[in-house]
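Data block below; observations after.
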Amino acid sequence: MTHRTDEELLAAAVRAAQTAGRVIVARSTDRGVAYKNDAEPVTQGDLLADRAILETLRAAFPDVPVLSEESDGGEPPDLHGPVWVVDPIDGTANYARGHPYVSVSVAYAEEGVTRAAAVCAPFLGETFTAALGKGARLNGRPITVGSPGELRRSVVSTGFPHMRSDLGPLLKRIELLLTHCQDIRRAASPALDICWVGAGRLDAHTETLHPWDVAAASLVAREAGAVRGHLVPVPEGVPADLFGGGFLVSAPEVHDALMALLTGVGG
Numbered sequence: 028m029t030h031r032t033d034e035e036l037l038a039a040a041v042r043a044a045q046t047a048g049r050v051i052v053a054r055s056t057d058r059g060v061a062y063k064n065d066a067e068p069v070t071q072g073d074l075l076a077d078r079a080i081l082e083t084l085r086a087a088f089p090d091v092p093v094l095s096e097e098s099d100g101g102e103p104p105d106l107h108g109p110v111w112v113v114d115p116i117d118g119t120a121n122y123a124r125g126h127p128y129v130s131v132s133v134a135y136a137e138e139g140v141t142r143a144a145a146v147c148a149p150f151l152g153e154t155f156t157a158a159l160g161k162g163a164r165l166n167g168r169p170i171t172v173g174s175p176g177e178l179r180r181s182v183v184s185t186g187f188p189h190m191r192s193d194l195g196p197l198l199k200r201i202e203l204l205l206t207h208c209q210d211i212r213r214a215a216s217p218a219l220d221i222c223w224v225g226a227g228r229l230d231a232h233t234e235t236l237h238p239w240d241v242a243a244a245s246l247v248a249r250e251a252g253a254v255r256g257h258l259v260p261v262p263e264g265v266p267a268d269l270f271g272g273g274f275l276v277s278a279p280e281v282h283d284a285l286m287a288l289l290t291g292v293g294g
């Protein structure tokens, strides 16, 4: 198997994410929206970005499998890696309506640990990057998590599922956040929200997510000084870095308080 340095992995992740970003910007006037499961939007931009990412990563590391949100439903790769974990467009509902809060995520994980990550927000002209143990950057400049001081001064982002058969836990989570924090946000690209925690633009993000939502962005946030946890147990055999259930990432000052507040709520 080909030897991979963190520098080479990060360069490939950035190249793939930015290439896909250019693809979705170029396609933004002809998005071609359809729906998965009659609820979740998917556009031609998603599919073209996915193809661009696969071509870029396979050209650099042909022996590493790829797990993508737009994967074709075949046998999924081993999450204990080595594996690329990819979201061609995070925030498709935004993209389908011309909303600029959209991101592309590319992460490399090995033995269940994310080692390199890039999250590109092409309409905002921003790329977040991180390598394990080497800090996080935004457009090449180091970033650091914020310091809200206490929970009641914190701004927390969250998200809503596409399938809403049981609204009870979701509404309870919103009630708790509204009554204990300064304010909440819901911008519909969780990978970008998580990176914004790392940049100090938000103080926390919590939501139930998928591996491709959290793999890249979580490394960015943690390398910027944020703390990550889960409000539900991590299933046996699933790498914590790639598990999105009951996900919470936050500034260290408010992490324990948020864990205590939200544990057991679900949603």
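Residues in the sequence shown are numbered consecutively from 28, following the numbering used here. Beta carbons: idealized from backbone N, C-alpha and C, even for Gly. This structure is a prediction, so every number in the text was calculated from the model and none was measured.
| Asked | Found |
| --- | --- |
| Euclidean distance between Cα positions of D268 and P262 | 12 Å |
| CB contact flag (A215, A120, <8 Å) | yes |
| Beta-carbon contacts of A174 that lie in its chain and below 7 Å, excluding the five residues immediately before and after | The sequence as given places Ser at residue 174; Ala does not occur at that position. Answer for S174: A278 and E280, listed in chain order. |
| Whole-number beta carbon distance between E67 and H189, since they are thought to touch under 8 Å | 4 Å |
| DSSP three-state assignment for V224, whether helix, strand or coil | helix |
| Nearest neighbour of S130, chosen from Q45, P238, A253 and R31 [CA to CA] | Q45 |
| Neighbourhood of S184 by C-beta, 6 Å cutoff - its chain only, sequence neighbours within 5 removed | R212, D220, L229 and H232 |
| Residue nearest to A53 in terms of C-alpha spacing, selected from F270, P217, V112 and G125 | G125 |
| Three or more C-beta pairs below 8 Å linking the stretch 241-248 and the stretch 132-142 | yes |
| Selected residue, minimal CA-CA separation from E34, among L159, G195 and E250 | L159 |
| Beta-ladder partner(s) of V113, from DSSP | S95 and V133 |
| Rounded separation between F274 and L74 - CA only | 27 Å |
| Minimum C-alpha distance to L37 - residue among P103, L84, A61 and A284 | L84 |
| Length of the line joining the Cα atoms of A284 and H257 | 13 Å |
| Contacts around A148, its chain only, beta-carbon distance under 6 Å, and the 5 residues preceding and following it disregarded | S130 and L219 |
| Outcome for T206 when other beta-carbon atoms lying within 10 angstroms are tallied against a minimum of 16 | exposed |
| Which listed residue (A123, A134, F270 and P92) has its alpha carbon closest to that of Y62 | A123 |
| Coarse secondary structure for T185, derived from DSSP in three states | strand |
| Cβ-based burial, R164 [other Cβ within 10 Å; buried from 16] | buried |
| Whole runs of the beta strand (DSSP E) within the stretch 221-294, excluding any shorter than 3 residues | 231-234, 254-257 and 274-277 |
| C-beta contact flag for A79 and V50 at 8 Å | yes |
| Bridge partners - T156, DSSP secondary structure assignment | A145 and R164 |
| Cβ pair L236, G271 closer than 8 Å | yes |
| Element boundaries [beta strand (DSSP E), containing Y62] | A61 to K63 |
| Beta-carbon gap between A251 and V172 smaller than 8 Å | yes |
| Length of the line joining the Cα atoms of M28 and R179 | Interpretation of M28 is limited by its pLDDT of 49, a score under 50 that renders its predicted location unreliable; the figure taken from the coordinates is listed afterwards. Roughly 50 Å separates the two Cα atoms. |
| Boundaries (first-last residue) of the beta strand (DSSP E) holding P68 | E67 to V69 |
| Own chain residues within Cβ distance below 6 Å of D114, not counting five before or after | E96, S132 and W239 |
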